[in-house]
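Protein chains in written order, with this note's numbering: chain A, 1 to 487; chain B, 1 to 80.
Structure (structure tokens):
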């Protein structure tokens, strides 16, 4: 009988230490290296939301998927776009690409966050919240999470775990404690846990439940995976920024905890690629060596590969619990989104975590624009200066709901900035041309629509100067017509 | 600016062709690199709950790559 696809990658024992895969980390998983035993892939990070032919749909970066599929290690899939506490469905069907990722990478299990990231707006339009946000820890949220986990499991036909989330807001009197909430979801969904120790550590440092109290409450025999990361201090909060090495106290906690986790299959180090220059590949390597040493010191444990078993409650045709949970939860989620989009009171009673979340969402949006419209923003910074550019971006951020995909945020910003050109053109005569170029790049990618651009100077020289952070002075006039079209 | 996003350029460039119909003083290789740089950064962000510093880094880079001091003197002048 032929082996199922990817069967040779199925580990006879718990896979062990791994990392979240980014192309820049590829040298650490090259043939001949043995630092990494399992790869975690965040599929949405390699998706785009395009609208060729007018119909929005997700598109995967095939080359990157091929690159990661070629790595001869077991894989895990970790969602960052369809968290389990959403009460609003993604308006663009993500499941064909999810299933494609499962087929191509053959993950041992799949995980997502116990958070929400979209709500229904005033006109009934589903809107992005701009970030993974914490749900209210109530019975209704438990019911909705269980419903979504069961749907997720049924759609992907893989074992599913949920991630214990970070929470920057103050605990509320009518909410469950952090551990109690995680236990309730695990029971209601019959689901394993992805225990993110850095998240719990953040929560404790920021005034919520202690890590020990949460661990005492959790069903440790259901912890399938651990996440470890480093963070940063911001406005008196410790952030789960995935920006540094794992803090030493957390390493020590992990070592104490490992013998208590019989179902644990993977110990994953998370680092965002933008922080790799600060940590360095050698720094990541040292981190992996430390984790391998911890893993090696675990007592021998009998480990069983989780297997997807269709459950009666997950069967197609079931309503996965109740629509009432979604209806009851939706306005609660929206209240947080509305609070974050309004100017915050500076009164002593205001939750300082709201201000932190507002700042993070704004950073996320400014970052998306800086990556996609780098030359336009460089010109704005050079032409308007720091304060005026920052004020311009704030004006945009307050006027429009966030978009999770950088290209859509960029498209929205370009349209808005076009309207300001009459007043900005006098100070930056080339702004219209640079903006039109980057807008055309986004358009051809998102919609497949070709553009013809007129330049009054050599575009490569102009963009080269901006890429170097230099004001475009002294360029000789030159008429250039450029065509951008889908390849 | 590659330090802002250390990911190697994903191979998006083959999706978009940039061409200039007439002979012009024009660096096509540089243009294609710029294009690929932008096209490689259009997706969704990764998993985290921290700050995204791309704009901060761009601001500091553009403002003064050597001293990181702001060139506010440019504000109000015509720069391009």
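A virtual CB, placed ideally from N, CA and C, is assigned to each residue, including glycine. In this text, all values refer to a predicted model and were calculated from it rather than measured experimentally.
Suppose the cutoff is 8 Å on Cβ atoms and the five residues either side in sequence are ignored; what does the same chain contact list for residue i look like?
i, result
"residue 216/A", "179"
"residue 398/A", "341"
Is residue i close to chain B? Criterion is C-beta to C-beta, closer than 9 Å.
i, result
"residue 168/A", "yes"
"residue 110/A", "no"
"residue 7/A", "Residue placement at residue 7/A is poorly supported in this model, since its pLDDT is 44, which falls under 50; the coordinates are not used for a value here."
"residue 241/A", "yes"
"residue 369/A", "yes"
"residue 353/A", "no"
"residue 29/A", "no"
"residue 254/A", "no"
"residue 124/A", "no"
"residue 393/A", "yes"
"residue 209/A", "no"
"residue 469/A", "yes"
"residue 231/A", "yes"
"residue 402/A", "no"
"residue 389/A", "yes"
"residue 482/A", "yes"
"residue 363/A", "yes"
"residue 199/A", "yes"
"residue 202/A", "yes"
"residue 104/A", "no"
"residue 424/A", "no"
"residue 374/A", "yes"
For residue i, decide whether its Cβ has a neighbour in chain A, counting only Cβ atoms nearer than 9 Å.
i, result
"residue 61/B", "yes"
"residue 18/B", "yes"
Measure the C-alpha to C-alpha separation of residue i and residue j and round it to an integer number of angstroms.
i, j, result
"residue 48/A", "residue 407/A", "8 Å"
"residue 19/A", "residue 266/A", "9 Å"
"residue 302/A", "residue 14/A", "9 Å"
"residue 50/B", "residue 127/A", "21 Å"
"residue 113/A", "residue 44/A", "13 Å"
"residue 192/A", "residue 185/A", "10 Å"
"residue 92/A", "residue 57/A", "6 Å"
"residue 73/A", "residue 37/A", "6 Å"
"residue 145/A", "residue 28/A", "35 Å"
"residue 355/A", "residue 129/A", "15 Å"
"residue 121/A", "residue 334/A", "8 Å"
"residue 451/A", "residue 390/A", "30 Å"
"residue 456/A", "residue 371/A", "25 Å"
"residue 364/A", "residue 41/A", "21 Å"
"residue 409/A", "residue 259/A", "45 Å"
"residue 10/B", "residue 251/A", "Confidence at residue 10/B is low in this model, with a pLDDT of 39, below 50, so the placement of that residue should be treated as unreliable; the coordinate-derived value is given next. Those two C-alpha atoms are separated by around 34 Å."
"residue 242/A", "residue 208/A", "20 Å"
"residue 56/B", "residue 296/A", "40 Å"
"residue 293/A", "residue 245/A", "15 Å"
Starting from residue i and walking both ways along the alpha helix (DSSP H), at which residues does that stretch end?
i, result
"residue 182/A", "178 to 189"
"residue 340/A", "323 to 341"
"residue 434/A", "431 to 447"
"residue 454/A", "No alpha helix (DSSP H) contains residue 454/A, which is instead part of the beta strand (DSSP E) from 451 to 455."
"residue 295/A", "281 to 296"
"residue 142/A", "139 to 156"
"residue 363/A", "352 to 372"
"residue 410/A", "406 to 418"
Could you pull the DSSP bridge partners for residue i from this structure?
i, result
"residue 234/A", "237/A"
"residue 268/A", "18/A, 227/A"
"residue 111/A", "78/A, 161/A"
"residue 492/A", "This structure gives no information on residue 492/A, because the portion of chain A shown stretches from 1 to 487."
"residue 40/A", "20/A, 76/A"
"residue 18/B", "484/A"
"residue 82/B", "Outside the shown range of chain B, which is 1 to 80, sits residue 82/B, and nothing can be said about it."
Would you mind reading off the limits of the beta strand (DSSP E) that contains residue i?
i, result
"residue 117/A", "116 to 120"
"residue 428/A", "Run containing residue 428/A: none; DSSP gives neither H nor E here."
"residue 133/A", "126 to 133"
"residue 201/A", "Element bounds for residue 201/A: not the beta strand (DSSP E) but the alpha helix (DSSP H), 197 to 205."
"residue 482/A", "480 to 486"
"residue 58/A", "57 to 60"
"residue 49/A", "47 to 50"
Could you name the residues of the same chain whose beta carbon sits closer than 6 Å to that of residue i, not counting the 5 residues immediately before and after it, in chain order?
i, result
"residue 176/A", "137"
"residue 79/A", "112"
"residue 444/A", "484, 486"
"residue 434/A", "375, 376, 379"
"residue 491/A", "Nothing about residue 491/A can be reported from this structure: the residues present for chain A run from 1 to 487 only."
"residue 229/A", "198, 242, 270"
"residue 170/A", "351"
Whose C-beta lies closer than 7 Å to the C-beta of residue i among residues of the same chain, with five residues either side of it excluded?
i, result
"residue 428/A", "379, 383"
"residue 213/A", "179"
"residue 441/A", "484"
Under a CB-based cut-off of 9 Å, is residue i close to chain E?
i, result
"residue 283/A", "Absence of chain E from the displayed structure is noted, the protein chains being A and B."
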